[in-house]
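Remarks on the structure that follows.
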Amino acid sequence: MSVPSAIATQDLLDGILKISSEAIIVTDERGVVLMFSVGAETIFGYRAAEMIGASIERLIPPEARAHHRDHVAAFGKGPVDTVVMRERGTIQGLRKDGARFALEASLSRSMTREGMVFTTLIRDVSAREAGQAAVAASERRLRIALQNARMHVIEIDYQAQVLSKAGAEEIFFDRPLTFAALEADIWAGLRPDHRAAADAAWREHLGSGQPFRFEAPTNRADGKCVWALVTGELVMDEQGRRLRLVGALQDITARRLAQEAVSTAAAAAQAANRAKSEFLATMSHEIRTPLNGVLGMAQAMELDPLPPVQRDRLSVIRESGQALLAILDDVLDLSKIEAGKLELEEAEFELAEVARRAQAAFAALAAKKGVRLTLDVRQAQGAYVGDPIRVLQILYNLISNGLKFTEAGEVQVTARHRHGALVLAVSDTGIGMTPAVVETLFTPFVQADTSTTRRFGGTGLGLSITRSLVEKMSGSIQVESTPGRGSRFVVTLPLPRAEPSRERTDRPRLAPASTARSLASLRVLAAEDNPTNQLVIKTLLSQIGIEPVFVDNGRDAVSAWEEGAFDMILMDVRMPELDGPDATLAIRAREAVLGRPRTPIIGLTANAMPDQILSYQQAGMDTVVTKPIDVASLFEALAVFTQAGDS
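Counting in full-length UniProt numbering, the sequence shown runs from 1 upward without gaps.
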């Protein structure tokens with residue numbers, strides 16, 4: 001080599017040494033540094049002047065120096081001239097400031113006139129090692145998070161034909177999934193009987209491009225049911241070729257079991273409610289049917305001339321029957337309230353009329369006990385919009401409660417209109433209550449104590465029902481009571497006043513004499529299968545001159561209607577062969593076909609539940625009179641539809 005060429009080569013080497021970011025160190029056989037590059041200065045922190053002539057072991061941690069010497073000695077005697085050292089985690093360098101760092105080193109040897117020299121190329125890989133450690137730590141955290149979240153994540157690389165997965169695979173599958181299995185059937189891990197939801201979600205995903213999401217149990221050989229929320233997305237290239245599928249499964253077994261438990265409990269509750277409703281409806285029917293005979297005949301006998309002693313005995317019979325009926329109505333009302341099926345009417349009514357009806361219902365009882373029952377509604381006169389029947393029931397229950405616990409003195413009923421609300425108050429001079437008793441006052445079936453029940457009777461439902469009715473009307477009820485001095489109940493109902501300009505039509509009230517004269521000529525068909533009820537109907541109607549024609553089933557009722565000319569039909573609901581609603585439907589259909597005028601049909605039923613009565617009216621009955629039959633209600637229904645037919 002010529003001198004200029006040698007100079008050029010040296011310049012080239014000097015240039016490489018200056019620009020290389022890696023450390024290039026040349027040592028002799030004793031490990032003395034002969035050359036120390038700019039890259040070495042940067043990595044180790046020493047200047048070349050500090051290292052040339054010094055031992056290379058200055059750059060090696062003390063505990064690794066003996067190993068280094070042995071390694072270099074063996075390399076110097078070995079068959080190869082170059083070796084790469086990449087023992088990650090064991091090859092470390094020592095900087096001037098004492099810091100240790102990971103490195104990769106390549107070692108070569110060459111023979112010179114002065115002896116063997118070693119050239120070491122060192123790369124600082126501490127940043128890479130730190131990054132890899134961070135990634136590994138992140139992966140560990142992810143695995144822990146996925147395990148704790150009971151999730152399993154997969155990625156199917158269709159180009160590389162690789163399945164990558166992380167997380168709680170063992171929760172979902174007792175046999176690991178493979179790329180081959182998932183490539184052949186993407187839903188290989190799901191139970192076959194739940195493929196429909198998966199297929200539908202997949203079709204929607206392919207059509208919309210939106211990630212798919214559905215719930216299904218995984219397919220485990222051990223039969224264990226594990227429900228998974230399956231989500232994912234298929235990535236394709238511009239030619240529509242599959243690139244990868246990224247998906248996740250989350251264990252939702254606990255939620256599904258909870259949902260199933262709630263669903264089962266709800267179904268059981270609904271079944272229990274249905275059974276309860278059916279039981280109450282049946283018991284209502286079974287109790288009302290014999291009561292119809294008791295109260296019906298009692299009402300008929302009251303119209304006959306009787307000696308005072310017999311009239312008193314008859315009064316006891318009727319009052320006892322009405323008390324039993326009131327208890328039955330309370331139980332049915334409570335059932336409706338608990339089931340949320342109590343519906344409120346919205347109609348205009350005169351408060352004074354409703355209040356007087358409540359007072360009149362208890363006038364005889366008050367007189368018998370020697371208790372004054374007073375009524376003052378002057379400060380609330382006028383018409384209101386609301387449910388008059390329920391307002392009457394509230395007053396009825398409060399007056400009944402006051403009279404029940406008052407042996408002497410008075411029960412006062414007052415009403416006033418205050419701040420846009422109707423305020424009803426019932427005060428008594430009865431036994432009063434302690435604060436502890438007041439706390440349980442509105443609890444169903446609860447009275448002050450057993451002695452109260454023995455002394456005064458009752459079910460303890462009246463006040464509970466009253467509070468429920470008041471709350472249903474968005475109102476409030478308060479009670480003040482002092483033992484030995486009496487109680488005061490105050491009910492506030494936000495009922496609006498009726499518009500003065502609107503006309504109101506009161507229900508017709510017919511005097512008994514006019515009722516008898518107007519109804520005596522009616523031709524009435526009565527469909528009733530119970531002999532006792534037939535006798536009650538016959539006895540009551542005979543009081544006003546009506547002689548009904550009886551049939552004992554719905555099929556005969558339809559035939560009798562077709563063959564005869566009747567002004568009115570009294571239709572029992574429960575009958576053999578054809579029940580009342582079906583017979584009514586048949587008659588209404590025949591009326592339409594034959595072009596005959598509509599015959600009024602009054603339903604008679606011991607089924608007093610509101611939904612039942614509504615269904616009877618929907619079948620075509622014009623109105624329904626519940627059993628036990630109240631003679632006034634029956635005569636009024638006959639009169640109303642007689643007048644409607646005459647008008």
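Ideal Cβ positions, reconstructed from N, Cα and C, are used throughout, including at glycine.
Neighbour-count burial assignment, residue i, 16 or more Cβ in a 10 Å radius
i      : result
Arg288 : buried
Arg509 : At Arg509, the pLDDT of 39 sits below 50, so the modelled position is not reliable; the number obtained from the coordinates is stated separately. Exposed.
Arg523 : exposed
Glu345 : exposed
Gly98  : exposed
Ala130 : exposed
Lys224 : exposed
Leu306 : exposed
Glu503 : Because the pLDDT of Glu503 is 46, which lies under 50, any placement of that residue in the model is unreliable, and the number read from its coordinates should be weighed accordingly. Exposed, because fewer than 16 other Cβ atoms sit within 10 Å of the Cβ of Glu503.
Arg88  : Model confidence at Arg88 stands at a pLDDT of 41, short of 50, so the residue's coordinates are unreliable and nothing is read from them.
Asp387 : buried
Phe279 : exposed
Gly53  : exposed
Ser633 : exposed
Asp199 : exposed
Ala592 : exposed
Arg390 : buried
Arg141 : exposed
Ser400 : buried
Ala105 : buried
Val331 : buried
Inter-residue CB distance, residue i and residue j (contact presumed, cutoff 8 Å)
i      : j      : result
Leu493 : Ala421 : 6 Å
Gly151 : Gln250 : Note on identity: in this sequence residue 151 is Met, with Gly being the wrong assignment. Right, the Cβ-Cβ distance comes to about 5 Å (below 8 Å), so this counts as a contact.
Leu303 : Gln534 : Actually they do not touch by this definition, with Cβ atoms about 19 Å apart.
Pro61  : Arg100 : 6 Å
Gln381 : Ala347 : The pair is not a contact, with the Cβ atoms about 18 Å apart (cut-off 8 Å).
Asp622 : Ile601 : 6 Å
His205 : Leu234 : 7 Å
Short Cβ contact (8 Å threshold) for residue i with residue j
i           : j      : result
Thr429      : Thr406 : yes
Val377      : Ala436 : no
Phe566      : Thr599 : yes
Pro531      : Asn292 : no
Gly525      : Gly580 : The question names Gly, but residue 525 is Leu in the sequence shown. Result no, Cβ atoms of Leu525 and Gly580 do not sit closer than 8 Å.
Thr584      : Met571 : yes
Val411      : Val438 : no
Pro483      : Gly402 : no
Ile24       : Thr119 : yes
Ala300      : Leu519 : no
Ser427      : Phe442 : no
Leu578      : Asn607 : no
Gly296      : Val536 : yes
Gln490      : Val423 : Sequence inspection shows Val at residue 490; the Gln mentioned does not correspond to that position. Yes, the pair counts as a contact, with Cβ atoms nearer than the cut-off.
Pro576      : Asp529 : yes
residue 655 : Ala258 : No statement about residue 655 is possible, as the shown extent of the chain runs from 1 to 647 and does not include it.
Ala102      : Val125 : yes
Arg203      : Gly167 : no
Phe44       : Arg128 : no
Tyr616      : Gly595 : no
Leu328      : Arg356 : no
Ala498      : Val385 : yes
Gly93       : Leu59  : yes
Bridge partner(s) assigned by DSSP for residue i
i      : result
Arg128 : None; Arg128 has no bridge partner.
Thr289 : Answer is none; Thr289 lacks a bridge partner.
Ala383 : Glu350
Ser427 : Gln412, Arg488
Ser164 : Glu155
Asp28  : Val117
Gln250 : Met151, Leu229
Gly603 : Met571, Val624
Asp630 : DSSP output for Asp630 lists no bridge partner at all.
Pro217 : Trp227
Leu493 : Leu422
**Q.** Any 3 or more C-beta pairs closer than 8 Å across the segment 187 to 195 and the segment 236 to 246
**A.** no
(Q) Taking contact to mean 3 or more Cβ pairs, one atom from each stretch, closer than 8 Å, check whether the segment 314 to 325 and the segment 554 to 573 are in contact. (A) No, the segment 314 to 325 does not touch the segment 554 to 573.
Q: Decide yes or no for the touch test of the segment 212 to 229 against the segment 165 to 175: beta carbon pairs closer than 8 Å, at least 3 of them.
A: yes
(Q) So, does the segment 174 to 190 touch the segment 207 to 226, judging by three or more C-beta pairs under 8 Å? (A) yes
Q: Spell out a yes or no on whether the segment 385 to 399 and the segment 354 to 365 are touching, meaning 3 or more CB-CB pairs, one atom from each, closer than 8 Å.
A: yes
Q | Meets three-Cβ-pair contact criterion under 8 Å: the segment 106 to 125 and the segment 26 to 41 | A | Touching, yes.
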